[in-house]
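Residues 18 to 308 in the numbering used here are what the sequence shown lists, from first letter to last. Every residue gets a Cβ at the ideal spot worked out from N, C-alpha and C, and that includes glycine. Below: the structure, in C-alpha cells.
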Amino acid sequence: MSTVAVTRDVIYRTRGRGHGEVFRLVSPSGLGEQLKPFVFLDSFGGVMSEFAAAGGMHPHSGIGTVTVFTRGDVHFDDPDAGSGYIGYGGVEWMRAGAGVWHGKELSSGRSERIHGFQLWLALPAELELAPVDSQYIEASDMHQVGPAHVIVGTHGGVTSPIRAPDGVNYLLVTLAPGQLWNYTPPAGHTIGWLALSRGSLSGSAKASNGELLVFSEDDGVIALQGGSEGATFVLGSAIPHPHDLHLGYYSVHATAEGLVTGERNIAELKEQLFSLGNRQRVSGSTPIYRG
Numbered sequence: 018m019s020t021v022a023v024t025r026d027v028i029y030r031t032r033g034r035g036h037g038e039v040f041r042l043v044s045p046s047g048l049g050e051q052l053k054p055f056v057f058l059d060s061f062g063g064v065m066s067e068f069a070a071a072g073g074m075h076p077h078s079g080i081g082t083v084t085v086f087t088r089g090d091v092h093f094d095d096p097d098a099g100s101g102y103i104g105y106g107g108v109e110w111m112r113a114g115a116g117v118w119h120g121k122e123l124s125s126g127r128s129e130r131i132h133g134f135q136l137w138l139a140l141p142a143e144l145e146l147a148p149v150d151s152q153y154i155e156a157s158d159m160h161q162v163g164p165a166h167v168i169v170g171t172h173g174g175v176t177s178p179i180r181a182p183d184g185v186n187y188l189l190v191t192l193a194p195g196q197l198w199n200y201t202p203p204a205g206h207t208i209g210w211l212a213l214s215r216g217s218l219s220g221s222a223k224a225s226n227g228e229l230l231v232f233s234e235d236d237g238v239i240a241l242q243g244g245s246e247g248a249t250f251v252l253g254s255a256i257p258h259p260h261d262l263h264l265g266y267y268s269v270h271a272t273a274e275g276l277v278t279g280e281r282n283i284a285e286l287k288e289q290l291f292s293l294g295n296r297q298r299v300s301g302s303t304p305i306y307r308g
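In C-alpha cells form, the structure reads like this:
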C-alpha cells in the first residue's frame, strides 16, 4: 500500500526591510526567535567594489556566519586559509565563537556585480565560546545533489565539508522553469524556510524574487516547482535551537554568561586591532583577529 507524503504549508512570508538591493529578511530580535538556530539573514546585491570600499572591520561572537553568492563571484584572502574565488555553489563559513574582528577578507572578484545571502547560525552552548574557525570552499569542492548544492549539513547522502554544528541543513538551489523538486528534511528538522534570489516559484509554495517563506513546523516534505523563469533560492531546515537568545550588537549567544565573555573578548581584540594603526589594518594580507 503506497502512502502520499505530507507537504508543509507556507505559514508566513515577508520581503524584509531595506532599500536598493540590500534587505534584512531575518533579525535575531524578530523572526530569528521563530527560526532559531537561523537568527539572521541578509539578501544583498550590487557592485562588489562598492561593498568592499564601504565595509569595515567589525566583530562577532557566539554565531556561525555563512555567506553564499547566487550571482557573480568574489575574491577571498585569509592569511590562514589562502586565497581564491567564491561564486555560485561556494561558501565562506566562519565560526565566530569566542570572538573575532573581520571584514576585509572578501573583495571584488571576476564579476562586477554580485548577489548573495549572509546567514547567522546561533551556536549551541558547547560551541558559543569555541575557537574561531574559518573556511572558504570554492564551488568545485562543494557537493551537489540534483539541483541543490549542500552548503551546510547532509542531504541526499552527501555531507558538506563545512564544519558547522549538527542538526542544520542549508542548501543553494536552482530549478528550471516548471521543474518539480521535493525536499525531505531529516528527522527532527521542524524548522524550515527559503529565500528567493531570482525568478519565481509556482504551485502551493508560490513566491517571487525577494520573498522569504516560512513553512509549518512539522516533518512534512517541502514541495517546490520552478516558475516561468525558473528559480534560484536558499533553503534552510534544522532541529530547533533549545536555548533563549542572548543578544549583543554583533553577537548572539546561547547563555548570558557566554554573551558577557564574548563581548569582553571582542573589546580586548579591539584594543589589539586599533593599536596596529589604520594603514596596517586595511592593506596587504587581510587581517582577521581571533579570540
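Asked: Kindly give me the distance between the Cβ atoms of E280 and S78, rounded to whole angstroms, as I take these residues to be in contact under 8 Å.; Found: 7 Å
Asked: Answer yes if the region 33-44 comes into contact with the region 248-257, meaning at least three C-beta pairs across the two stretches below 8 Å, and no otherwise.; Found: no
Asked: Within the same chain, show all residues whose beta-carbon is closer than 6 Å to that of N295, passing over the 5 residues directly before and after it, in chain order.; Found: The predicted position of N295 is uncertain, since its pLDDT is 45 and thus under 50; no value can be drawn from it.
Asked: Run through DSSP, which three-state label would E38 get?; Found: coil
Asked: What is the C-beta distance between W110 and Q152, in whole angstroms, given that I count them as a contact (C-beta under 8 Å)?; Found: 4 Å
Asked: If you compare alpha carbons, which of R88, I80, N186 and I103 is closest to P148?; Found: I80
Asked: Suppose the cutoff is 7 Å on Cβ atoms and the five residues either side in sequence are ignored; what does the same chain contact list for G133 look like?; Found: F61, T84, V85, F86 and T87
Asked: Could you give the distance in angstroms between the alpha-carbon of T24 and the alpha-carbon of G170?; Found: 22 Å
Asked: At 3 residues or longer, what runs of the beta strand (DSSP E) sit wholly inside the region 122-154?; Found: 123-125, 130-139 and 150-154
Asked: Which residues in the same chain have their Cβ closer than 6 Å to the Cβ of Q242, if we skip the five residues on either side of it in sequence?; Found: L197, S219 and G220
Asked: Whole angstroms is fine: what's the gap from H75's alpha carbon to V269's?; Found: 14 Å
Asked: Report buried or exposed for S300, applying the criterion of at least 16 other Cβ atoms within 10 angstroms of its Cβ.; Found: Note that S300 has pLDDT 30, beneath the 50 cutoff, so the model's placement of it is unreliable and the number below is only indicative. Exposed, since its Cβ has fewer than 16 Cβ neighbours within 10 Å.
Asked: Let me check one thing: in DSSP terms, what residues is R4 bridge-paired to?; Found: Any question about residue 4 goes unanswered here, given that the chain covers just 18 to 308.
Asked: Taking the alpha-carbon of L211 as reference, which of D90, E285 and G227 has the nearest alpha-carbon?; Found: G227
Asked: Quick check: what's the CA-CA separation for G209 versus S292?; Found: 44 Å
Asked: The alpha helix (DSSP H) that contains L276, what's its start and end?; Found: A273 to S292
Asked: Considering only residues of the same chain and omitting the five flanking positions on each side of G237, which have a CB-CB separation below 6 Å?; Found: V23, T24 and R25
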